[in-house]
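Take the position in the sequence shown, starting the count at 1, then add 67; the result is the number in this note's numbering. All C-beta atoms, glycine included, are put in the ideal place defined by N, C-alpha and C. Fair warning: this is a prediction, and the values are worked out from it, not measured in the lab. Shown next, in structure tokens, is the structure this report addresses.
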Amino acid sequence: MWFDQQTVITLKQPDGLFKSEFGDNMILENFTTSYLTAPGDNYGSTMYKVEATIKNNKFSKSKMIHAVAKMVPAVDFLRKCFESERTFPKEIAMYKEVLPAYRILQQDAGVQEDDLFDGAPKFYGARLSLLGDEMVDEDAAILLENLSIDNYKIGNRITGMDLRHAKLVIQNLAKFHGLGIALKLKRPEFFEEMRNVGGSELINTTLFMYENIDSVCTELLGIPSVKQYTSSVRTTMEKSVKETYDLNEPFGTFIHDDLWTNNIMFCYNSMGVPEKVKFVDFQVFRYASPIRDLVFFILSSVVEDVIQSHFDELIDLYHQHLINTLEEVKCNIENYTRENFNLELRKNAPNKLIDTLFMFKAITKTKSEIQNSALVSPEEFLKLPGNEIFKKKVANTVLFYLARKWI
Numbered sequence: 068m069w070f071d072q073q074t075v076i077t078l079k080q081p082d083g084l085f086k087s088e089f090g091d092n093m094i095l096e097n098f099t100t101s102y103l104t105a106p107g108d109n110y111g112s113t114m115y116k117v118e119a120t121i122k123n124n125k126f127s128k129s130k131m132i133h134a135v136a137k138m139v140p141a142v143d144f145l146r147k148c149f150e151s152e153r154t155f156p157k158e159i160a161m162y163k164e165v166l167p168a169y170r171i172l173q174q175d176a177g178v179q180e181d182d183l184f185d186g187a188p189k190f191y192g193a194r195l196s197l198l199g200d201e202m203v204d205e206d207a208a209i210l211l212e213n214l215s216i217d218n219y220k221i222g223n224r225i226t227g228m229d230l231r232h233a234k235l236v237i238q239n240l241a242k243f244h245g246l247g248i249a250l251k252l253k254r255p256e257f258f259e260e261m262r263n264v265g266g267s268e269l270i271n272t273t274l275f276m277y278e279n280i281d282s283v284c285t286e287l288l289g290i291p292s293v294k295q296y297t298s299s300v301r302t303t304m305e306k307s308v309k310e311t312y313d314l315n316e317p318f319g320t321f322i323h324d325d326l327w328t329n330n331i332m333f334c335y336n337s338m339g340v341p342e343k344v345k346f347v348d349f350q351v352f353r354y355a356s357p358i359r360d361l362v363f364f365i366l367s368s369v370v371e372d373v374i375q376s377h378f379d380e381l382i383d384l385y386h387q388h389l390i391n392t393l394e395e396v397k398c399n400i401e402n403y404t405r406e407n408f409n410l411e412l413r414k415n416a417p418n419k420l421i422d423t424l425f426m427f428k429a430i431t432k433t434k435s436e437i438q439n440s441a442l443v444s445p446e447e448f449l450k451l452p453g454n455e456i457f458k459k460k461v462a463n464t465v466l467f468y469l470a471r472k473w474i
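This is the structure we're talking about:
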């Protein structure tokens, strides 16, 4: 079976990962690891919680570091399916190169420390292998701070986010995208170098989507309120796959490309109000239209009532914060008018329908359903019948696209 060829993934020689942050004189006194997520919960990676006791040098006091180690999937098939040899270098580049470059852009423009982009976990270190080469193997690892120690929490993927949570995400997403545009304008050679890390295209992912369009259309035929639109949905999805890697100017930037509830963590104040947000899992970040992140996040992760009543408000909020970010780092905003942004929305929103409909299958599965399907391949998972929540989300999204004339 597809899961038969497995490798035992363990975190070996972690001291080198910590030295990237704490220096070559760092002493690792002790460390323990345990699964952060249950095996089978993460198709695309193996996640460990790491508790380490370190000293900056032999004269300093010991301190505890709470971290998360992200490693490759244990199953060979999944490493190939998720293109770990490409996605690991990409995610490392985001944490090690791109995000620090964003902060430098802001600092050079005089942005205050409290206003610097802080929408990702602290990066400690990373490697592709213990062999000293550039080939990803079972010892590839990315070491990040454990956000849960600071009371960051993931939302409920089935119920979705309310308006307050959605606005916080939108504001930070606009800053993330705006800094990407600024990097492209101010440091084009570096931007291009980062764009090509791991290869600019994830071939397996694109093929996977194209080959499984039939699975989505089969589900649509079983939903009375939208089955008559199956042909139009198919046409839109096929077109979007072909346009996956089209150039997007002037709005093209680095996008997360997998921004949904499970990749977003919130920190709350004593009143239970979300005050901070962090994005995680940048393994498929790429150059594309920011609309792909924006529309996918809203439709996949926000409650239906908010989508229906506040979609335009969220779009307004996003564009305003995008402009604010560009102005803050002293970029010319002439090409980024609301009129041009509306054209960008109309052009690229249809291209995210396929990802949204695919993701609904994972989003709407109950915990017991996920456990029962843990040994099913991604292709077989898509063919499993959707529950009533899935059907409702699919129907609402297709009708929403139709109302917006995106199909």
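DSSP-derived helix/strand/coil call for residue i
| i | result |
| --- | --- |
| Cys148 | helix |
| Lys397 | coil |
| Met202 | coil |
| Lys125 | coil |
| Phe70 | Its pLDDT being 48, under 50, Phe70 is placed unreliably in this model, and the value from its coordinates should be taken loosely. Reduced to three states, the DSSP call for Phe70 is coil. |
| Tyr191 | strand |
| Pro341 | strand |
| Leu95 | strand |
| Phe333 | strand |
| Lys432 | coil |
| Leu220 | It is worth fixing the name first, because residue 220 is Lys in this sequence and not Leu. Looking at Lys220 - three-state DSSP - the assignment turns out to be strand. |
| Phe243 | helix |
| Gly83 | helix |
| Val142 | strand |
| Phe184 | coil |
| Glu75 | It should be pointed out that residue 75 corresponds to Val in this sequence rather than to Glu. The answer is coil: DSSP assigns Val75 none of H, G, I, E or B. |
| Phe39 | Because the chain spans 68 through 474 in this model, residue 39 falls outside it and cannot be assessed. |
| Val373 | helix |
| Leu326 | coil |
C-alpha gap between residue i and residue j, whole angstroms
| i | j | result |
| --- | --- | --- |
| Gly227 | Asn123 | 42 angstroms |
| Lys116 | Thr100 | 6 angstroms |
| Leu351 | Asp313 | According to the sequence as given, residue 351 is Val; it is not Leu. Spanning the two alpha carbons is a distance of roughly 16 angstroms. |
| Val203 | Leu274 | 22 angstroms |
| Ile225 | Ala119 | 34 angstroms |
| Gly83 | Ala176 | 34 angstroms |
| Asp71 | Arg231 | Here the model assigns Asp71 a pLDDT of 48, short of 50, so the residue's position is not dependable, and the following value carries that caveat. Approximately 44 angstroms, taken between the alpha carbons. |
| Val373 | Val236 | 14 angstroms |
| Leu412 | Asn213 | 35 angstroms |
| Phe427 | Ile456 | 9 angstroms |
| Thr303 | Phe425 | 14 angstroms |
| Asn239 | Phe184 | 8 angstroms |
| Val347 | Asn330 | 5 angstroms |
| Arg262 | Lys397 | 23 angstroms |
| Ala462 | Ser292 | 7 angstroms |
| Lys306 | Asp360 | 18 angstroms |
| Lys459 | Glu164 | 41 angstroms |
| Leu145 | Gly111 | 7 angstroms |
| Leu95 | Ile121 | 5 angstroms |
Residue nearest to residue i in terms of C-alpha spacing, selected from the options
| i | options | result |
| --- | --- | --- |
| Ile358 | Ala416, Lys125, Phe321 | Ala416 |
| Lys253 | Met332, Lys294, Met304, Gln173 | Gln173 |
| Ile474 | Asp372, Ile221, Ser298 | Ser298 |
| Asp229 | Leu393, Pro452, Ser376 | Ser376 |
| Phe258 | Asn218, Arg471, Pro167 | Pro167 |
| Asp325 | Met338, Arg353, Ser151 | Arg353 |
| Glu395 | Thr404, Tyr335, Gln179 | Gln179 |
| Asp281 | Glu150, Asn218, Ile421 | Ile421 |
C-beta contact flag for residue i and residue j at 8 angstroms
| i | j | result |
| --- | --- | --- |
| Lys137 | Met114 | yes |
| Ile209 | Ala193 | yes |
| Val465 | Tyr296 | yes |
| Ala134 | Ile76 | no |
| Ala187 | Leu381 | no |
| Gly245 | Leu393 | yes |
| Thr423 | Leu366 | yes |
| Leu197 | Gln80 | yes |
| Phe349 | Gly222 | no |
| His388 | Ala207 | no |
| Val300 | Leu287 | yes |
| Phe85 | Tyr191 | yes |
| Asn364 | His386 | Per the sequence presented here, residue 364 reads as Phe, with Asn not at that position. No, these two residues do not count as a Cβ contact at 8 angstroms. |
| Lys157 | Val264 | yes |
| Val139 | Glu201 | no |
Residue(s) in a DSSP beta bridge with residue i
| i | result |
| --- | --- |
| Ser101 | Lys116 |
| Thr320 | Ala355 |
| His133 | Glu118 |
| Leu211 | Val135, Phe190 |
| Ile237 | None; Ile237 has no bridge partner. |
| Tyr162 | Paired residue(s): none; Tyr162 is not in a bridge. |
| Met228 | Val369 |
Chain C contact for residue i (CB, 8 angstroms cutoff)
| i | result |
| --- | --- |
| Asp143 | You won't find chain C in this structure, because it holds only one protein chain. |
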